[in-house]
Structures are given as C-alpha cells and as structure tokens.
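Engineer: Going line by line, the protein sequences match chains A and B. The numbers in this note's numbering rise by one with no breaks, and the one at position 83 of the first sequence is 523. The numbers in this note's numbering rise by one with no breaks, and the one at position 213 of the second sequence is 667. Where is the CB? At the ideal position from N, CA and C, for every residue including glycine.
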Amino acid sequence: MTAQNLMNPNPVTLRPTDTVATAATHILTHRLRHLPVVDDQGRYLGTFSIYSLLRLTLPKAVIMEEGLRDVSFTTETIDGLARRLRERGSEPVGQWLSQDDPVMHPDTPTMEVMLLMLRGRTTSVPVVDQHSNRLEGIIAFWDVLEKLLVETR
Amino acid sequence: MHDSGEIASAGSMWLAAILFVITYAVVMSERVNRAIVALVAAGLMIILGILNQEAAIRGIDFNTIGLLIGMMVIVAITRQSGIFQFLAIWSAKKVNASPWGILVMISLVTAVTSAFLDNVTTVLLVVPVTLLITEELKANPYPYLFSMIFSSNIGGTATLIGDPPNIMIGSATGLTFNDFGYHLTPAIIVVQIATLIPIYLIWGRKLKATAEDRQRVMAFNEFEAITDWRLLKQCLSVIGLVVFGFIFAKWLRLEAATIAIFGAAALLLLVNLGKSADEQSKHVLAAFNEVEWITIFFFVGLFIVVHGVDSTGLLKVLAEKMIALTGGNLSATAVIILWSSAILSAIIDNIPFVATMIPLIKAMAPSFGGPEGLMPLWWALSLGACLGGNGTLIGASANLVVAGFAERAGQPIRFMQYTLMAFPIMLLSIAISTVYLFWRYL
Chain A
441 MTAQNLMNPN
451 PVTLRPTDTV
461 ATAATHILTH
471 RLRHLPVVDD
481 QGRYLGTFSI
491 YSLLRLTLPK
501 AVIMEEGLRD
511 VSFTTETIDG
521 LARRLRERGS
531 EPVGQWLSQD
541 DPVMHPDTPT
551 MEVMLLMLRG
561 RTTSVPVVDQ
571 HSNRLEGIIA
581 FWDVLEKLLV
591 ETR
Chain B
455 MHDSGEIASA
465 GSMWLAAILF
475 VITYAVVMSE
485 RVNRAIVALV
495 AAGLMIILGI
505 LNQEAAIRGI
515 DFNTIGLLIG
525 MMVIVAITRQ
535 SGIFQFLAIW
545 SAKKVNASPW
555 GILVMISLVT
565 AVTSAFLDNV
575 TTVLLVVPVT
585 LLITEELKAN
595 PYPYLFSMIF
605 SSNIGGTATL
615 IGDPPNIMIG
625 SATGLTFNDF
635 GYHLTPAIIV
645 VQIATLIPIY
655 LIWGRKLKAT
665 AEDRQRVMAF
675 NEFEAITDWR
685 LLKQCLSVIG
695 LVVFGFIFAK
705 WLRLEAATIA
715 IFGAAALLLL
725 VNLGKSADEQ
735 SKHVLAAFNE
745 VEWITIFFFV
755 GLFIVVHGVD
765 STGLLKVLAE
775 KMIALTGGNL
785 SATAVIILWS
795 SAILSAIIDN
805 IPFVATMIPL
815 IKAMAPSFGG
825 PEGLMPLWWA
835 LSLGACLGGN
845 GTLIGASANL
855 VVAGFAERAG
865 QPIRFMQYTL
875 MAFPIMLLSI
885 AISTVYLFWR
895 YL
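Here is the structure:
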C-alpha cells in the first residue's frame, strides 16, 4: 500500500490570492489544520495551516528568525491579538505559506508516510506528483488510523 | 621580532608579501569563509618555509584568543537570563515610551552593553525587543536600527574588551582595561552624543506615536523578561568579579585572558552545581557551541599570517617608509593612522587590518622615543578601526546582523541608502577623534 491508496483525492484547497479571512473560515468550519494552496494549474505551492494563523496574530519581532524567544513580559489581551489578525485578514494567503513542510508522492510507501507524520509532528501531509508538482490529494492522520484499525479488526 | 627559526631573506619577504596580499583579497571577496582562508594561508606560511611550526604558534596571541572565548562563554550563559530584554524595556518605559526617547535610550543601552560584550551579541539581544517596541508604536524601525549600528560600534570602542581591535591592541602593548577607559571613554561619550544629533535632525524630530500605542509599551512588565533570577544573580556576580579583575589586573598581576577564562569556568561551575553528569555535559556543550569558532580560528590563522610577514622584516620596512613620509612627526603619523584606519575599516574587515598595523606601529617605536611615545598612535588606531566600521553596511559584522533583522522585519536597509547617511556621520566621529587626539596628546 502506498500514499495513493491512503489519500483523500479531493481535499479543500486554497488559491494564493484567497484572503487570510477566507482561509480562517475554512479552517474553522471544516476543523481543518492544514489547507494546501495550489495555482491555476493545480500545482502545489505550500500549505496554509493553523500555524500560519498563529503567526499572523503575533508581532513580526516574535516570529522572525532569531526573534524574541520569550515574551512573558508582554500584557497584550486577546482583543489586541484579534485586532492584529483582523488587520491582516484581507492579505492574500500567498505570503503566509509554509513551504518547508514535508510532502509525499503517490508512490511513497505507507511506513514512510507514518514516519514523515511522526518526524514532522504534522497531522496531514499533501501528496504531490513528482514531475508536474500537481497536488494529487492529502493524507490526514485520521485516514491512516482508520485503515490501521480496520485492518487489525 | 626576529626569533630564531624564522628565515628572513629578500626571497621569503616577497613570498610572504604575496601570500599576505592574496589572503587579504580572498577575505575581502567573501567567496570563501574567512576562517578557511586564514587557516589555509597560515598553513602555507609554514609549508613554504617562511615560518616553522614553533614560530607560527609563537605568533598566535593567546591572550586575545582566551579573552574572546572567555567572554563569549560568559555571554552565552548570561543571555539566557533575559537581562538584556529587561534593560531595553525598562529604559523604554523610563522615557514614557516616547518614540525619540526610546531611540536615545535603546542606543545608550546598546552602547553600554557593547562596551562590555561583543557587538554582534549585543545587537542580537537588543534588536528583537526593539522591533517589538517599534511594532507596538507603529513607528518606522529604520532610524532605531541605524542608531543601534552606530551605538554598538561606538560603545565597543570605549573599553579594552568592547571590540576585537582593542583586545588585540591591549594584548600586544600591555595597555590595561583602565588605560582604555581613561584614554578612550571620554572621546566615546562625546562621539555618542554627537552622533545622535544628525539622527535627531534626520528622523528623530518626525517620530510620533499615539497615546494608545505608547500605553501598550508602558504595559510591558520588564520584570517578567527575567526568565531565571537565580541564573541572573550568578551571572551578575561573575561579571562583577571579572570587571573587578580587569580594573585591578595590574595589581593582581593577571592578564585579561586568565580573568575571562577563569570567569567563564567559575560561571560554568556555578550554574552546573548539583546537576547530573548528563545535564552538565549538555549545559557545557551548549555554552561552548555559542563560542564563535569561525572568528576564533580566523584570529588564529591571521596571527600566524601576520607573524610570518612580520618575521621577514617587511612590516619594518613599511614602518620606516611611513615615518619617512611624515618626517617622523608624531601628529602627522597619528592623523594618518586615524583617518586611513577609519576609511579602510569602513570597507574591509578591521581585524586583519589591525593585526597588520600592530607590528607596523611597534616598529615605529625607535622614531618616537620608545614604546611610551606610541600611545597616541594606539588610540588613533583604535578610534579609526572601530568607528570606521560604521561607514558602510559591511564595515562591521554587527552592521550585517542588524541588516539581516531589518530584512526579516520587512524594512530592509539598503547598502547605498545606508552609506549615504552613515559615511558622513562616521567622518564626523573621526573629526571629533582628531580634535580629541590633538587636545590630549599632540
């Protein structure tokens, strides 16, 4: 069995021009943690995730490389953070993608799929065609778990 | 400087000179890591027979190396306490979070911290919290970052341990921590204040923030920035003792490297007391990992290369040429050293430059009545080499670190845009230094 058999071939996707607000709505209504972003040709560009949303709510000085490691001295309320997220709500998601998350190919073996999830501490991994870079589907941890439990039964 | 085991002939003089020039050129090109360049060149100095291994090792100034490593370890441990964030926030609140007040205070914190710590470390610690403050104030971070570059290089000039050129000069001449404080700090205070004037005129008077945004900064609790009070107390006690050691080094008959390395060892002992062997290994390794080994090995290689060149008598010839040029006039020599160091340090790394100038200036001693007569020249070299680094974005490593932060914060500092403002302000600091040298020594 490979990634091909495990994946959901019709995942919810975003375009890079979709706004942060749209993405947030998808995340909240479908309770999805990772949304793959694709271009007009269906090529995979990166992932907009709940972590992208968290980054959007925080000041740049905190999320940047070698930024502040500890901000326990700040006293900002949830209103302040919400305001920052609102201000950025109309920005396109294209700027906030994480591109270094692991991806799989349709022929990635099942064990490798699980290892990637464990190492990357991620619950869903996009499946991308090696040559065309097209998004073929997405594997959520739940899909894998379901198959595992069904097999053992 | 002609030890046995070092061959000096016209042939080796040329060979050493060529190797030296190539080393400089490759370091400047930045195509190969500078530690690699210096070590390869040092190896060639030995393999080509200009120095033997024994002479090469004698050329390494272990006092400089030890002082650098010791201070780096102390800082690596101290930074974990959050004291630097505390200082930045505390100073910002002292001026009621007014945008110009914060710029002045952050600049002063940077200058004072740089006087005792490595400049790169200082900006690594102070820039992120400054960016958070400017973000809260919705102020343009550019003038803050610009001023921090200047303050880190200016503050670093004030003490023996503030900047590598001073460490090298102190180590090579026996000038003490107190000598540097007594002779350089007054000039540095004037330069720091004078630098803030153009910054005020260009940006400062236009800085504004709403009362609401200022209130957000005022709401920061600086005491929460201290992550570990016990660690902080340990660090401050050791740093206090180390500074005490530097001040009384002459009476204690201790050299700077002994004080710094002993301080580092004492701090490592304090923070690891009562920990398991495994935890101790982890802590010690983490502290050693923060030592900038690239800088350390760059120094090691460079010392050997410069010693090789020096051993052939080439630098002595150059010193004589320079004396001939100035007619043996001390004032003229000091002014030439000050201005040429400043302009060169704005373009090239000041570490190899100072490493070369030290033996060259030492060779001038006979013309100026012995080593005592060289004092103004050492201060000229230090002021020129350290302050000159402000002239361009590549003049000092701290500048590049700040530029990296600016880039990530979405406010990049452009090379030409920086130089157009910074070079004239740097020249102003050198003009002040010239007046200072004339007033006090010439």
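(1) Pick helix, strand or coil for residue 785 of chain B, following the three-state DSSP scheme.
(2) In angstroms, rounded to a whole number, what distance separates the CA positions of residue 501 of chain B and residue 501 of chain A?
(3) Indicate the three-state DSSP secondary structure (helix, strand or coil) for residue 566 of chain A in the structure shown.
(4) Of all the residues that make up the stretch 503-532 of chain A, which are near chain B by a beta-carbon distance shorter than 8 Å?
(5) Distance, Cα to Cα, residue 621 of chain B vs residue 705 of chain B?
(6) Does the stretch 871-889 of chain B come close enough to the stretch 842-854 of chain B that 3 or more CB-CB pairs lie under 8 Å?
(7) Nearest to residue 650 of chain B by CA position, among B:888, B:895 and B:882, is which residue?
(8) Tell me the residue span of the beta strand (DSSP E) that contains residue 711 of chain B.
(9) Is there a C-beta anywhere in chain B that falls below 9 Å from the one on residue 587 of chain A?
(10) Compare the C-beta of residue 508 of chain B against all C-beta atoms of chain A and say whether one is closer than 9 Å.
(11) Taking the beta strand (DSSP E) that residue 474 of chain A falls in, what are its first and last residues?
(12) Cutting at 6 Å between CB atoms, please list the residues of its own chain near residue 614 of chain B, excluding the five before and the five after it.
(13) Please list the residues of the stretch 478-502 of chain A that have a C-beta atom closer than 9 Å to any C-beta atom in chain B, keeping them in chain order.
(14) Do you know whose CA, among A:530, A:494, A:477 and A:544, lies nearest residue 453 of chain A's CA?
(15) Pull up the distance between the alpha-carbon of residue 443 of chain A and that of residue 531 of chain A, whole angstroms please.
(16) Given a cut-off of 9 Å, decide if residue 641 of chain B and residue 886 of chain B are closer than it, judged by their beta-carbon atoms.
(17) Could you tell me whether the Cβ atoms of residue 789 of chain B and residue 834 of chain B are closer together than 9 Å?
(18) Evaluate contact between the stretch 568-579 of chain A and the stretch 467-483 of chain A, counting only Cβ atoms and requiring at least three cross-stretch pairs below 8 Å.
(19) Could one say the Cβ of residue 868 of chain B lies closer than 9 Å to chain A's Cβ atoms, at least one of them?
(20) At a Cβ threshold of 9 Å, is residue 550 of chain B touching chain A?
(21) Rounded to a whole number of angstroms, what is the C-alpha to C-alpha distance between residue 738 of chain B and residue 458 of chain A?
(22) Take residue 822 of chain B and list the residues in its own chain whose beta-carbon comes closer than 7 Å to its own, dropping the five residues that flank it on each side.
(23) Return the CA-CA distance between residue 869 of chain B and residue 511 of chain B, expressed in angstroms with no decimal places.
(24) Measure from the alpha carbon of residue 585 of chain B to the alpha carbon of each residue in B:859, B:890, B:708 and B:896, then state which is nearest.
(25) Considering only the beta carbon of each residue, do residue 668 of chain B and residue 551 of chain B sit closer than 9 Å?
(26) Within the continuous alpha helix (DSSP H) that includes residue 698 of chain B, where are the two ends?
(27) Considering only DSSP beta bridges, list what residue 564 of chain B is partnered with.
(28) For a contact defined as C-beta to C-beta under 9 Å, what are the partners of residue 934 of chain B on chain A?
(29) What are the residues that DSSP puts in a beta bridge with residue 580 of chain A?
(30) Suppose the cutoff is 6 Å on Cβ atoms and the five residues either side in sequence are ignored; what does the same chain contact list for residue 455 of chain A look like?
(31) Nearest-angstrom Cα distance between residue 461 of chain B and residue 545 of chain B?
(32) With residue 466 of chain B as the anchor, note down where its alpha helix (DSSP H) starts and where it stops.
(33) DSSP three-state label for residue 486 of chain A, please.
(34) In the stretch 464-494 of chain B, which residues sit with their C-beta less than 8 Å from some C-beta in chain A, listed in chain order?
(35) Starting from residue 544 of chain B, follow the alpha helix (DSSP H) in both directions and report where the run begins and ends.
(36) Looking at the unbroken alpha helix (DSSP H) that takes in residue 466 of chain A, where does it start and where does it end?
Structural biologist: Well, looking at it:
(1) helix
(2) 49 Å
(3) strand
(4) 504, 505, 506, 507, 508, 510, 511, 512, 513, 514, 515, 516 and 520
(5) 19 Å
(6) yes
(7) B:882
(8) Unbroken run through residue 711 of chain B is the alpha helix (DSSP H), 710-726; no beta strand (DSSP E).
(9) no
(10) no
(11) 474-478
(12) 620, 624, 631 and 634
(13) 499, 500, 501 and 502
(14) A:477
(15) 33 Å
(16) yes
(17) yes
(18) yes
(19) no
(20) no
(21) 48 Å
(22) 784 and 828
(23) 39 Å
(24) B:859
(25) yes
(26) 683-701
(27) DSSP, once it has assigned bridges, lists no residue as partnering residue 564 of chain B.
(28) One cannot answer for residue 934 of chain B here, as it falls past the ends of chain B, which runs 455 to 896.
(29) A:564
(30) none
(31) Its pLDDT being 47, under 50, residue 461 of chain B is placed unreliably by the model, and the measurement read from it follows with that caveat. Near 57 Å, if we compare the C-alpha coordinates of residue 545 of chain B and residue 461 of chain B.
(32) 464-483
(33) strand
(34) none
(35) 537-548
(36) 460-470
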